[in-house]
Every structure is written in structure tokens, then in C-alpha cells.
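> This structure is in C-alpha cells; I'll ask about it shortly.
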Amino acid sequence: MRILQRERVMSHNAAWLSLGMLLGVAVCSGCAGSSQRDAKIGNVGWAMYNMSYDGVRSSPLSEINVGNVKNLRPVCRAKLGEEGSFTAGPVVVGDTLFVTTPHTTVALDATT
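Those letters in the sequence shown? Residues 110 to 221, by my numbering.
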């Protein structure tokens, strides 16, 4: 009787281990294709939080670098009607900058 219970426990543990491994493979296979998805985004700006599906958090552009970053100055401001910080990072798609406050999302023309 005791051996039979041990076999059931081992069988139960093996089932959970198999399920965990299957989920791990599914998650990793999704990660492997993210670079391909990033390539499909194209040059639309900063279209999602962290720049890309891979979470790159940097731009391939070279106009701003270590030598000239100290020269950056604000060029515009927008009053959104709320105090506090943004609830998510700003996103740029084409010429539109999207920012999210605690109560709304605002689209701004990034060229004016």
C-alpha cells in the first residue's frame, strides 16, 4: 500500500514537471520570435513601452550622442489639465506623441 502511494505521488510530480516544462518551452518560443516582430514594426517611432517587443529601451538613431546631449533644451510644453506624472511612458507613432495621465490619453502633434 505504501509503495502504491509513493508511485502516485511520483506520477503526480512528474505530471506537474511536464506541464512546467511545456509552459517554459511555450514562453521561450515566444521570446525567440520577438526580434522578427520588431523588424516588422519598421520606422514608426517609439511605438510601444520600452521601444520594442524585446524591451530594447534605446534608439538606433545617432543625432543625439554623448558629445551633444548637454546641448538639449526643451522646445515645447503642453498643459494636460492634471498634476502629477504620466502613468505610462510616452509613445511616438509617426508624427504623433501619445501620453497617458491617470484619467486620459492625449495625442500631441510632435512636429508643432
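Backbone N, C-alpha and C fix where the C-beta goes; we use that ideal spot for every residue, glycine too.
Quick one: using the 10 Å Cβ neighbour count with 16 as the cut-off for buried, is V184 buried or exposed?
One-based indexing of the sequence shown puts residue 184 at position 75. Its Cβ having fewer than 16 others within 10 Å, V184 is exposed.
> Could you compute how far the alpha carbon of F195 sits from the alpha carbon of T214?
Start at 1 with the first residue of the sequence shown, and residue 195 comes out as number 86. Start at 1 with the first residue of the sequence shown, and residue 214 comes out as number 105. If I take the Cα positions, the gap works out to 10 Å.
> Tell me the DSSP secondary structure of V202 in three-state form.
Stepping through the sequence shown from its first residue, residue 202 is reached at position 93. Residue state, collapsed to three classes: strand.
> Consult DSSP for A148 and reduce its assignment to one of helix, strand or coil.
Walking along the sequence shown from the start, residue 148 turns up at place 39. Only weak support exists for where A148 lies, its pLDDT of 49 falling under 50; the value from the coordinates is given anyway. Three-state result, A148: helix.
> Check whether the segment 172–181 and the segment 190–204 are in contact - that is, three or more C-beta pairs closer than 8 Å.
no
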